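Contents: one structure, followed by commentary.
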Amino acid sequence: MAAQCVTKVELTVSCENLLDKDIGSKSDPLCVLLMSSTDSQWYELARTEKVQNCLSPKFAKKFVIDYYFEIVQKLKFGVYDIDNKTVDLSDDDFLGELECTLGQVVSSKKLIRPLVLKNKSPAGKGTITVSGTEIKDNRVVNFEVQARKLDNKDLFGKSDPYLEFYKQTATSWQLAHRTEVVKNNLNPTWRPFRIPLQSLCGGDMDKPIKVECYDYDNDGSHDLIGTFETTMKRLQEAEFECINSKKKQKKKGYKNSGVVSVKLCQVVKEYTFLDYIMGGCQINFTVAIDFTGSNGDPRSPQSLHYISPQGVNEYLTAIWSVGNVIQDYDSDKMFPAFGFGAQIPPNWQVNHEFPLNFNPANPFCAGVEGIVEAYRVCLPQVKLYGPTNFSPIINHVASFANQALQQTTASAPKEALAKTYREGEQTQTTLTSCTHKSDPSFLQFIDQGSLSDFITRKKKNTPACGPDCFFFLNMMQFCSIHGASSRD
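Residues in the sequence shown are numbered consecutively from 1, following full-length UniProt numbering.
Here's what the structure looks like:
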C-alpha cells in the first residue's frame with residue numbers, strides 16, 4: 001500500500017497597504033482562513049488576532065493545516081476591519097481577500113498577491129503575503145518573562161511594554177509571537193506563554209532569534225524601547241540587555257534601555273491526540289440534552305425537538321455526528337445520558353440532571369443507538385420548561401472524571417455534549433471553577449444559535465494558567481462543513 005502524502009503546514013500571514021475604513025484612526029485588521037469543502041461551500045478554519053490601528057499588519061497567530069499532496073485544497077484568506085466584539089464578521093468592514101490553493105503556497109514558500117474585493121476589483125493597493133513551512137518538530141517552548149528598568153517613552157504616565165519574538169528566515173525576520181501589553185509599567189511581568197519551537201527557530205537551537213520590546217500606543221505608532229538577538233540555547237542564560245541602536249549612537253555613556261529576564265524557558269513535547277490514544281487514554285462520552293422551553297413546542301416544525309418525517313431533528317443529528325466518532329474510543333460503549341430544564345414525572349418538578357431512561361441508579365445507554373432510543377422515549381414524557389442551567393451536568397461529568405482519575409493512572413477524559421441557548425451566572429461560575437481544577441474533563445458545547453457572548457465571557461473569565469477544557473461548536477457551521485443540513 002502506498003504511503004499517503006500528508007504533512008502539517010504552518011501558514012504565516014501579513015498584509016501591506018490595507019484600506020483604511022476608520023475615521024480618525026486606522027483599520028483594526030484581522031485575517032480569517034476559510035477552506036472549500038467537497039460541495040464547494042466555504043467553512044472557517046481559524047482566525048488571527050486583531051491588530052489595532054495598523055494598515056500593514058504582521059499577524060502573530062499561525063494557521064496550521066494538514067497538507068495532502070494529491071488533493072487540491074482551496075483556501076480563502078479574508079481580511080476584515082474589526083470594530084466590535086461579536087464573532088460574526090458580517091457586521092465588520094471587508095478589506096479584501098485572496099483565493100488560492102494550499103499547493104500554491106507550499107510551492108511558492110512565500111506567496112505575495114493583491115487583495116481583491118467581493119466583486120473581484122482591487123482592494124486599493126492592499127497586498128497579502130502568505131508563507132508556508134512544513135512542521136517537522138512538535139515541541140513547544142514554555143516562557144515566563146519579565147523586564148526591569150525599561151525606558152519611559154510616555155510624557156504622561158509610564159511605558160506600556162510588550163514583546164515580539166522573531167524567527168530568522170532566508171530573507172527577513174518573521175514574527176513568531178507577540179505578548180500582551182502591560183499597562184503603565186517599567187518593570188512588567190508578562191503572562192506565561194508558549195511558542196511552537198518550529199515557529200521560533202525551526203527546531204534549530206542555534207538559529208538566531210530576535211526579541212523586540214515596544215511601548216504600545218493606541219494610534220498604532222508604537223515606540224521601540226530596545227531589542228536583542230539570541231538563540232534557544234542562550235535563552236537559558238536568563239537576562240538580556242535591551243539595546244536601542246539610535247539612542248546608543250546619540251547618547252554618550254549609553255548602557256541599555258532596560259533588561260529582559262527569562263524566568264522560564266522550557267522545551268517540551270506537545271503530544272498529539274494519537275499519542276494519548278496509543279498511550280491507553282479512554283474517552284468516556286456523556287450526553288446532556290436541553291429540554292428548556294426556548295426550544296419551542298416539539299410538535300411544531302420550528303422546534304429544535306421536532307422529529308421530522310425522516311425521523312431526525314437537531315439533537316439527534318448532534319448525537320449521531322459526535323457519538324459515532326467518540327464511541328470507537330470507549331471500551332464498553334456504555335454512555336450516561338441526561339436531560340436538563342424540563343418538568344419530569346411523577347411530581348413535575350423542574351430537574352436539571354435527570355437520566356434520559358429515568359433510571360437514576362443506571363443512567364447508562366448501550367451505544368449511540370441506546371442514547372437515541374432513550375431520547376425518543378423520553379421526549380413525549382416530559383414538559384419543556386427552564387431556565388437553562390447545566391451546572392449540575394458539568395459538575396456530574398467532573399465528578400465522573402475525578403473518580404476515574406483516582407481508579408487508574410491514565411487520565412480518562414470525559415466529553416459532555418450540551419445544547420444551550422441562554423446560560424446563567426451559575427453556569428459561568430461552574431465553568432470557571434472547572435478551569436481551576438486539575439480534573440481531566442473536556443466539555444464540548446454544541447449549539448444551533450450564537451454562543452458569541454458566552455464564548456467572550458468564557459475567554460475573559462478563564463485564567464490564562466488554567467486548562468482550556470471547553471470547546472464550542474456551532475451546529476449549523478458543523479453541518480455546512482460536512483455538506484449536510486441538520487434538518488435533513
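From the three backbone atoms N, C-alpha and C, an ideal C-beta is built for every residue, glycine too.
Predicted, not measured: the structure shown is a model, and the values here were computed from it.
- When secondary structure is reduced to three states using DSSP, C378 falls in the helix class.
- Annotation for N324: the continuous alpha helix (DSSP H) segment containing it runs 314-326.
- F354 sits in a strand when the DSSP states are folded into three classes.
- Counting along the chain, S199 sits inside the alpha helix (DSSP H) bounded by residues 197-201.
- Counting other Cβ atoms within 10 Å of its Cβ, Y271 stays below 16 and is therefore classed as exposed.
- Distance from the CA of H305 to the CA of D290, rounded to the nearest whole angstrom, comes to 9 Å.
- Taking D66 as the centre and dropping the five residues before and after it, the same chain places the C-beta of V6, K8 closer than 7 Å to its C-beta, in chain order.
- Cβ-Cβ distances below 8 Å link I243 to G226, T227, F228, N256, S257 in the same chain, with the five nearest sequence neighbours on each side left out; the list follows chain order.
- In the displayed model, K136 falls within coil according to three-state DSSP, outside both helix and strand.
- Taking 4 residues as the shortest admissible run, the region 269-303 contains the following complete alpha helix (DSSP H) segments, listed from N- to C-terminal end: 273-278.
- Straight across, the Cα-Cα distance linking P387 with T292 is about 6 Å.
- Under a 10 Å Cβ-count criterion, P301 is classified as exposed, with fewer than 16 other Cβ atoms of the shown protein chains found around its own Cβ.
- A residue is called buried when at least 16 other Cβ atoms come within 10 angstroms of its Cβ; F77 meets this threshold and is buried.
- When C-alpha distances from L19 are compared across E49, Y80, F63, N142, the shortest belongs to Y80.
- In this structure, DSSP gives H177 an extended state, which the three-state scheme calls strand.
- Using a 10 angstroms sphere on the CB of P363, the tally of other CB atoms reaches 16 or more, which defines it as buried.
- Distance between G367 and A318, taken at the CA atoms: about 15 Å.
- A distance below 8 Å between beta-carbons, with the five flanking residues on each side excluded, links L316 to the following residues of its chain, in chain order: I307, V372, Y375.
- Counted as a single uninterrupted DSSP element, the alpha helix (DSSP H) harbouring K248 occupies residues 245-250.
- Listed in chain order, the non-local C-beta contacts of I82 below 6 Å within the same chain comprise D28, L30, K50, D92, local neighbours out to five positions each way being set aside.
- Taking F59 as reference, the option from G103, A176, E99 with the minimal CA-CA separation is A176.
- In the three-state reduction of the DSSP assignment, S36 falls in the strand class.
- The C-alpha of K85 is placed about 41 Å away from the C-alpha of W348.
- The beta-carbon separation of Y162 and T179, rounded to 5 Å, stays under the 8 Å limit for a contact.
- Among the bridge pairs identified by DSSP, N142 is matched with R194, Q266.
- Secondary structure of E373 (DSSP, three-state): helix.
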